[in-house]
Every structure is written in C-alpha cells, then in structure tokens.
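First the structure, in the form of structure tokens, and then the observations on it.
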Amino acid sequence: MFTLYILQVTMASTRPRRPGKPSMLILLALFLLFFGAIRIKCATLPDNSTDVLWLQAFRDEISSDPSGWFSSWNSSSDHCLWPGIRCSRTHPGRVVALELFGLNLAGQISSSVGNLTFLRTLNLSTNSFSGQLPPLNHLQKLQVLDLSINQLHDTIPDAIVNCSKLRTIDLSKNSLVGEIPPKIGVLSNLSVLRLSWNNLTGVIPPNLGNITSLEKLGLAFINLTGNIPDELGKLKSVSRLAIGSNRLSGGFPHSLLNLSNSLEFLSLSYNMLSKELPSTIGDSLPNLQELFLNNNMFQGQIPTSLGNVSALGRLELGSNNLTGEITSSLGKLYNLHYLSLECNNLEAIGSQSWEFFNALTNCTSLETLILTENQLHGAIPDTIGNLSPGLNYLSIGGNMLSGTVPPSIGRLGSLSFLGLEYNNLTGTIEEWIGKLTKLGGLNLQVNSFTGPLPASLSQLTGLTELNLGNNKFEGPIPPTLGHFQHLSDLNLSCNNLQGNIPIQVGSLTTLQTLDLSSNKLTGEIPETLSKCQGILNIQMAQNFLVGTIPISFSLLQDLIVLNISHNNLSGDIPAVLNGLQLSVLDLSYNNLEGEIPRDGVFADAAVVLLQGNLGLCGGPMDLRMPACQAFSLGKKVTYYLIRVLIPVFGFMSLALLLYVLLLVKNTPNRECLAMPSFGENFLKVSYKDLAEATLDFSESNLIGRGSYGTVY
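Residue numbers 65 to 776, in the working numbering, belong to the letters of the sequence shown in order.
Structure (structure tokens):
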C-alpha cells in the first residue's frame, strides 16, 4: 500500500501544473502520503508490538522454572506461538491470554503483566509465585483472573474494581491480608468469586448482594467476623455458597431461604453460629445437594423438613448442641451418601427412639454414617445389617450402648472402618468379625468384649489400624498377627492376654505404634521386632516379660517412645540405646543392673525413667542413682569367686542332705533297748501322804520352783 502511494505522488509530480494555482493532485498526494504513513504505522504494529517486551519482562522475574517451560520463549519465534500465550485474531500480535498454571514456577509476578491491555485471561494458578498482586487497573478487558494456589501476600488492591468486565476472580489459597475490597460489589458481571484460604479479616461486604450474576461465592478460611449479611439473600443465581471456617456469629441467616431455585451447596461450618435452625429449611431449599452446618453452636432439634430435600447427598450437622431424637424423616433421603451427626446431645433411649436407625435402611446410597459421641442408649438394633450394602464407614462410638453386637453386622461387607469404641458392649466378636474382610480400621477400645482374639481376625488382611485396648480379651496373641502386612497401629493394651509375644510381630514392617501394655504376657521380647524399622512407639509396660533388653532395639532409628517398665527384665542396659532420639525411655521397675550409660538419651533426665531397678548405678548425675563401687582386681576375683562358689556349695549341700535323708529312710528299724527300772528301788508315796507332809502344799514348805515343777 505504501508503494502504491509513492507511485501516485511520483506520477502527479510529472504532470504540468497551471501557474499560480496549487495543484489539486499535489494536495491529494500529500494527503494520501500522510494517510499512508498512518496506515504504515498500523500495518507494521505486529512486528514492533510492545506485548512481546512485557512478556520478556515477565519471564525475567521467574526465579525457578523446573520444567523448562520458558526455553522456547525466545526471539527466534513469534511470541504468539510461545506456549501459554494466546493472541487476538482481530488484533494480530496483541496477547489476550496468559495461561501458565501448574508448572511449579517461582518468583514474583512482574508488573509488566499490567501493561498487556488486551489481556482477557490471566491464569497463573498452582505455582509458587510470591510477592504482591500485579497492578490490574489498566486491564479493562480482563475477564478471568486466576492466581489461586500461590504464595502471594499483601492486600487485594482496590483498583481491581476497575476491571469491570471480570467474570471470574480466584485468589484462593494464598497469604493475602487486609479486608475484602468494600467496592467489590460494583463488578456486576462477576459470576465466580473465590477468596478462600487467605488471611483476610473484617466482615462480608453487604454490597456483594448487588452482584446478581454471582453463581459461586467462596469466602471460607479467612477469619471473617460479624454476622452473615441479609443482602446475600439477593444472590438469586448463586448455586455454591461457602463461607465456613470463619468467626461469623449470629443465627442462621433466614434470608438465605430465598435462594430456593438456585442454591445447591451451602457451607456455614466452623463458625460461631447459634440458635435453632429454621424449621422450614428443607422446604425452602429443595435443590440442596450438600449442606454443611457442622462445628457451630446450633441448638434444638434436627428439622424434620430436611427429609424433603430429595436431592440431598451430604448432610453434616456434627459438633453442635442439637438435642432430642434423630428424625426418621432422614430415611426419605434416597440420594444421601454421607450423614454426620457426631458430637451432639441427640438421644435414643427406647426402641421407638431408635426408629431413625431403621429408617436409614431406606437410604440405599449411604456410604458414611457417623453418630459418635451422642446419648444413644441400649442395644444396637439388629437392623444394622440392613443398612446400605455400600456402607464403608460406620462410627457409633462414644455413646452408652450395651449388650452384644448383632451378628447381622457381618452383612456390611463393604465396611472399611468400624468404630464402636467407648461404649459398654459385651460378648465375643468371633461370630461376625471375620466377615468384614474389607476393613482397614477397627476400633473396639474401652468396652467389655470377652473371649480370645478370634483366629478369623487374620482374614482382615487390609487392616491399617487395630485397636482392641481396654477390654476383657484373654488367651494368647495369635501368631496369625503377622498377616497384617499393612498395619500401622496395633493396640491390645489393658486386657488379660497371656503367653509370649509371637515372633511374627516382626512381619509388621509398616508398624508405627505397638501397645501391648497392661496384660499378662510372659517370655522374652522378640528380637524380630527390630524388623519394624518405621516404628515410633513401643509400649509393653505392666506385663511379666523376662530376659534382657534386646540390643537390636538400636536399629529402630525412628523410635520416639520406648516403655517396657514394670516387667521382670534383667541384665545390663545396652549402651547402644544411647543413639536413639527418644522422647520417653521408661525402664523403671525391672531387675536391671550394672552401670547406666552416660551419653545420648541417658544424658537427659527428663526423658529417662529408671527407678525401681535396685541393681543400677552410676550414669549422669541428674539421674540421681547411687554411685557404682570401685573394685580392685583382688576384690573383683573374690566377688566373682563368691558368686560362683556359693551356688556350687549350696548345690553340694543340698545333694548331701538328700543323700542322708535317703540313707535314713532305707535303714531298717531297730528294736528299742530295755532300760533298767530304777523305780523299783524307791518308796511309793500316796498323794494323801504328800498333802499331809506339805500341809496341802503350803507355801511355807516350798523350797523352790524349776523347769520341771515345784519342790517341797
């Protein structure tokens, strides 16, 4: 086009001109030349675009690029072809999208980003960017701003409201401080606002209610205070409202009941909300799919109307002050897959109040049921076996349940966790435990279960947690314990278990906690325990274990707690234990002897407990143990001779005594020899004569008293 204009000017200049009058052709040529210059500037803009300079400045602020993403960002290729860059079709060379998410990039976001004035999408999420947010006030065309999951700090700039075309703002999971910009309500095109997981403070701006196009609002985990503004009830298009994990107070905002057509997800959990829940909540919000009201201070009963929310799949009301019986209307929630009512004061006393449990058998999609720490009394209904066949998590511990566990529980073959802890359940577990072959966690602690540990336990090969502590189990620990190849926590404490600790405990290579304390176990501590290289906590106190402390314990480099107190262990304390980084080493009340090691863990008197071992001596002064006596060589020889000779002479004396006894026993009885009778040579005197002679044994005639009688 420029060549054409020059040609026109050249042709015009060769033509004859009328004297005295400016040539119209010359004027036209000058006009076209000027216009052509403008066109030249516009046409050559893609080659000289400043956007590439801003991108290079952005790249230069990156301090870490582990994937080598920017290796292709060089001048040898068009910047519109660089990965993560998208340019405009109508304005060649102008960047409309910068999308570099999930690349583990680090550094600061260059302020040059704020000069990409054609930018519509800025997505730098899931990286490690730090520093402040870039200036955004010139990005008039910006529609999507996603800087989530980074390490940005400082405040959210008020200038963000200048980006009037914004539809998505996601700044969640950063370290932003300050308040939510109070004028944010002017962003009338906003449909997504996520500020969760930051350090923001202040209140929820009431003018958020002006953004009628808002569909998703996330303000969770940001320390907001005050009440939930009634203006949020104006968000007629909102489907997800997450404002949990703050410090909000007041009651349940009744204005939210106006969102009947749109609201599908509501989370107000982990706040300080109180008072009773609206009785019509289920009728007013019929489209709810997930409702989180847990960890507040709500009172009163569970609204019966919740049973009318047919689409409800997840209901969490745990950790409140709810009272009364659990409504049976929950049995109408056929799509319910998660129900959590733990840590309330909900009651079930008679059979009628357990009707809710029978109603829940209609919830055929139920996968998780948590009723822990309430006021549920009496026996577990036999209908427990009729719960959803897909139920994989069942926890009803911390109540006042009694009686035996219904064998029908064995029909819940999909269970991965069963918690019946802290009740008063009795009987054996043999009839049903082996049928729950998919269990990964079993917690029966603090009950009154009896009988031996059933052999069918070995069928639960997927167990990672087995807690049977504080019951009345008896008998030996079965060797099949070694089948639990994935077990990390084993608690058999406070039972009546007897016999040796099976050597198969060494097969539990994933074990982290082992608690066998307060039983009646005998024998030695198995050396195979040293194969459990990742173990952190060993508790074997209050048993009858004998032998020495295994030297192989020194191989357990991750060990933090070792408590083998109150046993019958003997011998020296292995000095190699001083290399362990223990926080508790309790060897008290055994029969240990010898000098206490001085180095490593033994140097910390706050960690080591050794009292009750009368044969121990020496060690660091802080342990306050008696000093060890210094023996000369002659005394040492005498000492060991005495230790050897005394048992030898004792044995010989015992053998000699047995020999004499056997000799006497085998000697034939001898006839008694006839002793001469001296009585025939003395005068016989009657009692009457003696009485008269002594005047009735008068004291006046007494000569004396001796060991054989009185002499007159």
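We put the CB at the ideal spot given by N, CA and C, even for glycine. Quick caveat, the model's predicted, so the values are computed rather than measured.
**Message:** Any heavy atom of the ligand FMN closer than 7 Å to the beta-carbon of residue 232?
**Reply:** Summarising the ligand content, the structure contains no ligands, and the ligand FMN is consequently not present.
**Item:** Beta-carbon gap between residue 386 and residue 408 smaller than 8 Å
**Value:** yes
**Asked** Who are residue 144's beta bridge partners in DSSP?
**Response** Answer by DSSP bridge pairing: none, since residue 144 is not bridged.
**Request:** Indicate whether the contact test is met: 3 or more Cβ pairs, each with one atom in the stretch 413 to 426 and one in the stretch 473 to 484, closer than 8 Å.
**Result:** no
**Prompt:** Which residues bound the alpha helix (DSSP H) around residue 116?
**Reply:** 115 to 124
**Request:** Could you name the residues of the same chain whose beta carbon sits closer than 7 Å to that of residue 368, not counting the 5 residues immediately before and after it, in chain order?
**Result:** 391, 393
**Request:** Please go through the stretch 406 to 488 and give each complete alpha helix (DSSP H) segment of 4 or more residues, from N-terminal end onward.
**Result:** 419 to 423
**Prompt:** Of the residues 402, 195, 231, 236, which one's Cα is nearest the Cα of residue 217?
**Reply:** 195
**Asked** If you draw a straight line from the C-alpha of residue 404 to the C-alpha of residue 356, how long is it?
**Response** 10 Å
**Request:** Let me know the beta strand (DSSP E) ranges lying completely inside the stretch 318 to 372, each 3 residues or longer, listed in chain order.
**Result:** 329 to 331, 338 to 340, 354 to 356, 361 to 364
**Request:** Over the uninterrupted alpha helix (DSSP H) stretch that includes residue 495, give me the two end residues.
**Result:** 494 to 497
**Residue span of the beta strand (DSSP E) that contains residue 512, given as start and end** = 512 to 516
**Request:** Pick out the complete beta strand (DSSP E) segments inside the stretch 211 to 265, 3 residues or longer, and give them in chain order.
**Result:** 232 to 234, 241 to 243, 256 to 258, 263 to 265
**Prompt:** If you drop the 5 nearest sequence neighbours on each side, which residues of the same chain put their C-beta closer than 6 Å to that of residue 188?
**Reply:** 164, 211
**Prompt:** Looking at C-alpha atoms only, which residue of 489, 545, 584, 493 is the closest neighbour of residue 593?
**Reply:** 545
**Prompt:** With a Cβ-Cβ cutoff of 8 Å, do residue 431 and residue 402 count as a contact?
**Reply:** yes
**Message:** On a Cα-Cα basis, can you pick out the residue from 123, 119, 333 that is closest to residue 180?
**Reply:** 119
**Contact with chain C by residue 371, beta-carbon distance below 8 Å** = Here there is only one protein chain, and chain C is not present.
**Pairwise C-alpha distance: residue 460 and residue 451** = 14 Å
**Prompt:** Between the stretch 263 to 275 and the stretch 222 to 231, do three or more beta carbon pairs fall short of 8 Å?
**Reply:** no
**Message:** What residue range does the beta strand (DSSP E) around residue 678 cover?
**Reply:** Note, residue 678: premise wrong, no beta strand (DSSP E); not H, not E.
**Request:** Could you check if residue 222 is buried or exposed, using at least 16 other CB atoms within 10 Å of its CB as the buried criterion?
**Result:** exposed
**Prompt:** Per DSSP, what kind of secondary structure is residue 636 in: helix, strand or coil?
**Reply:** coil
**residue 254 beta carbon less than 8 Å from that of residue 220** = no
**Item:** Straight-line Cα distance separating residue 678 from residue 663
**Value:** 21 Å
**Contacts around residue 454, its chain only, beta-carbon distance under 6 Å, and the 5 residues preceding and following it disregarded** = 431, 478
**Prompt:** Taking the beta strand (DSSP E) that residue 686 falls in, what are its first and last residues?
**Reply:** Element bounds for residue 686: n/a, residue is neither H nor E.
**Asked** So is residue 250 buried or exposed if we call it buried at 16+ other beta carbons inside 10 Å?
**Response** exposed
**Message:** Here's a check: name, in chain order, each residue in its chain whose Cβ is nearer than 7 Å to the Cβ of residue 672, leaving out the five neighbours to either side.
**Reply:** 649, 665, 666, 687
**Asked** What three-state label does DSSP hand residue 205 in the structure shown?
**Response** coil
**Request:** Tell me, please, which residues DSSP counts as bridged to residue 149.
**Result:** 162
**Request:** Sort out for me which residues DSSP pairs residue 128 with in a bridge.
**Result:** 170
**Prompt:** Buried or exposed: where does residue 630 fall if 16 or more other Cβ atoms within 10 Å of its Cβ makes it buried?
**Reply:** buried
**Prompt:** Any idea if residue 86 is buried or exposed, counting beta-carbon neighbours within 10 angstroms, 16 or more meaning buried?
**Reply:** Confidence is the limiting factor: at residue 86 the pLDDT is only 43, short of 50, which leaves the residue's position unreliable, though a coordinate-based value still follows. So residue 86 ends up on the exposed side.
**Message:** By the three-class DSSP mapping on this structure, what secondary structure does residue 536 have?
**Reply:** strand
**Request:** Have a look at the DSSP bridge pairing and note the partners of residue 781.
**Result:** Coverage of the chain is limited to positions 65 through 776, which leaves residue 781 absent and any answer about it impossible.
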